[in-house]
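Peer 1: The numbers in this note's numbering rise by one with no breaks, and the one at position 179 of the sequence shown is 392.
Backbone N, C-alpha and C define an ideal beta-carbon position, used for all residues, glycine too.
Structure incoming, see below.
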Amino acid sequence: MAFFLDALKQHGFLDRIHLSICNVGSRKVSAQDDYASQVWRVFAPNLTIYGFDADPEACEIANSEFESRGADWNEFHIPIALAKESEVATLYVTRNPMCSSLYQPDEELLQHFPGLPSLVNLDHTIEIETTTLDAFCQGELIDEINFLQIDVQGAELQVLEGAVQTLNQSILAIQAEVEFSPLYQNQPLFADVDTFLRRQGFTLFDVSKAQIARSSIRSASRLGQLLWGDAIYLRDPFDKNTPKQFKTPDQIFKLACVADALEFTDYALELLMALTLNYASSFDYNFAEIILESLNQISGLEQLERVQALIAELKPYVTVQH
Numbered sequence: 214m215a216f217f218l219d220a221l222k223q224h225g226f227l228d229r230i231h232l233s234i235c236n237v238g239s240r241k242v243s244a245q246d247d248y249a250s251q252v253w254r255v256f257a258p259n260l261t262i263y264g265f266d267a268d269p270e271a272c273e274i275a276n277s278e279f280e281s282r283g284a285d286w287n288e289f290h291i292p293i294a295l296a297k298e299s300e301v302a303t304l305y306v307t308r309n310p311m312c313s314s315l316y317q318p319d320e321e322l323l324q325h326f327p328g329l330p331s332l333v334n335l336d337h338t339i340e341i342e343t344t345t346l347d348a349f350c351q352g353e354l355i356d357e358i359n360f361l362q363i364d365v366q367g368a369e370l371q372v373l374e375g376a377v378q379t380l381n382q383s384i385l386a387i388q389a390e391v392e393f394s395p396l397y398q399n400q401p402l403f404a405d406v407d408t409f410l411r412r413q414g415f416t417l418f419d420v421s422k423a424q425i426a427r428s429s430i431r432s433a434s435r436l437g438q439l440l441w442g443d444a445i446y447l448r449d450p451f452d453k454n455t456p457k458q459f460k461t462p463d464q465i466f467k468l469a470c471v472a473d474a475l476e477f478t479d480y481a482l483e484l485l486m487a488l489t490l491n492y493a494s495s496f497d498y499n500f501a502e503i504i505l506e507s508l509n510q511i512s513g514l515e516q517l518e519r520v521q522a523l524i525a526e527l528k529p530y531v532t533v534q535h
């Protein structure tokens with residue numbers, strides 16, 4: 214749950230930013246796959262969502278469903294497979310289509326994990342055309358993507374390698390599914406994705422873990438082998454190696470909003486505090502009142518010594534704001 218966004222919305226701070234989200238592998242399987250039902254809706258009407266999926270039918274269903282909503286944001290689902298290059302590639306369609314990949318399933322490995330073969334084993338193959346995120350953005354004159362989510366069953370690194378220009382231009386945060394064991398033949402693993410994104414100036418903030426037991430009996434403390442998870446990377450404007458285009462007040466504020474949406478409350482607070490302390494002369498970047506109002510949501514929080522120090526530091530800036 215976001216901590217600061219409601220107050221930022223109420224006080225009009227979100228009116229001056231536009232957020233663009235790109236979801237690669239956007240097939241809607243559950244409510245969690247629908248951005249509009251999540252915290253991101255707070256950015257509407259200044260919100261644009263681009264969804265990419267290799268399945269034209271899934272995109273058609275998503276577009277029809279969106280049109281029926283009468284929504285106050287923009288959302289487009291594009292039946293294109295994104296990869297490292299624009300080329301003809303083989304799509305390995307699995308028994309459950311949501312597990313389909315540009316990499317062939319490793320059925321020899323999968324057989325050791327009960328339940329996975331019925332989902333991930335190969336059903337058939339088709340030839341598809343791929344393009345890159347950079348090429349798509351250039352062709353459609355899209356100059357900004359702020360949050361990139363990728364879930365393409367082992368081909369996440371390919372998508373990232375085809376998005377270097379977009380990464381360096383505007384992307385503030387990335388959530389990518391990563392594998393720790395090669396469920397697909399010759400696929401990149403977490404270490405490969407992590408190395409690439411660190412070289413692009415991103416900082417790893419969190420990794421969720423999916424552990425699968427190799428048999429019907431396991432211990433209470435060891436849930437099984439670590440196979441995959443979601444890794445979240447964010448820009449860090451305090452890092453000396455971060456490109457200067459991500460150190461402007463506007464970008465830091467947008468980063469704070471994205472961090473809060475992703476429930477990194479501590480980081481969002483650090484960013485909002487930095488803006489307040491360094492740019493308080495401008496009302497646009499004075500968030501003292503927002504921070505104090507948000508802290509008041511939690512009864513008794515003001516009794517904590519560290520919170521008292523924070524409140525004392527912010528009070529002079531509330532006076533400046535008024």
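Can V391 and F409 be called in contact, C-beta distance under 9 Å?
Peer 2: No, the Cβ-Cβ distance between V391 and F409 is not below 9 Å.
Peer 1: Would you mind reading off the limits of the beta strand (DSSP E) that contains G442?
Peer 2: G442 -> beta strand (DSSP E) spans 438-447.
Peer 1: Quick one: using the 10 Å Cβ neighbour count with 16 as the cut-off for buried, is P401 buried or exposed?
Peer 2: With 16 or more Cβ atoms within 10 Å of its Cβ, P401 is classed as buried.
Peer 1: Can you confirm whether the stretch 335-350 touches the stretch 431-443 when touching is taken to mean that 3 or more C-beta pairs between the two stretches lie within less than 8 Å?
Peer 2: With the cut-off at 8 Å, the stretch 431-443 and the stretch 335-350 do not touch.
Peer 1: In this structure, does DSSP put V365 in helix, strand or coil?
Peer 2: V365: coil per DSSP, three-state reduction.
Peer 1: Report the option in N399, P456, L354 whose CA atom is closest to the CA atom of L380.
Peer 2: Nearest option by C-alpha distance: P456.
Peer 1: Answer yes or no: do A368 and A444 have a C-beta to C-beta separation smaller than 9 Å?
Peer 2: Not a contact, by the Cβ cut-off of 9 Å.
Peer 1: Mind checking E515: buried by the 16 CB within 10 Å criterion, or exposed?
Peer 2: Exposed, since its Cβ has fewer than 16 Cβ neighbours within 10 Å.
Peer 1: Is DSSP giving E294 helix, strand or coil here?
Peer 2: It should be noted that the sequence gives Ala, not Glu, for residue 294. A294: strand per DSSP, three-state reduction.
Peer 1: Apply the 10 Å Cβ neighbour rule to T303 and answer buried if 16 or more other Cβ atoms are within range, or exposed otherwise.
Peer 2: T303 comes out exposed.
Peer 1: Taking DSSP as the reference, what is the three-state secondary structure of T303?
Peer 2: T303: strand per DSSP, three-state reduction.
Peer 1: Could you check what DSSP says for L354 in three-state terms: helix, strand or coil?
Peer 2: Residue state, collapsed to three classes: coil.
Peer 1: Compute the Euclidean distance between the alpha carbons of G283 and N399, then round it to the nearest angstrom.
Peer 2: The straight-line gap from Cα to Cα measures roughly 44 Å.
Peer 1: Residue range of the alpha helix (DSSP H) that I230 falls in?
Peer 2: Note, I230: premise wrong, no alpha helix (DSSP H); not H, not E.
Peer 1: Rounded C-beta distance between T343 and E300? I'm assuming under 8 Å.
Peer 2: Their Cβ separation, rounded to whole angstroms, is 6 Å, which keeps T343 and E300 in contact under 8 Å.
Peer 1: Please report how far the alpha carbon of L370 lies from the alpha carbon of N454, in whole angstroms.
Peer 2: Near 22 Å, if we compare the C-alpha coordinates of N454 and L370.
Peer 1: Can you tell which of L417, I230, T338, L475 has its C-alpha closest to the C-alpha of V252?
Peer 2: It is L475 whose Cα lies nearest to the Cα of V252.
Peer 1: Helix, strand or coil for P318? Go by DSSP, reduced to three states.
Peer 2: Here P318 sits in strand by DSSP.
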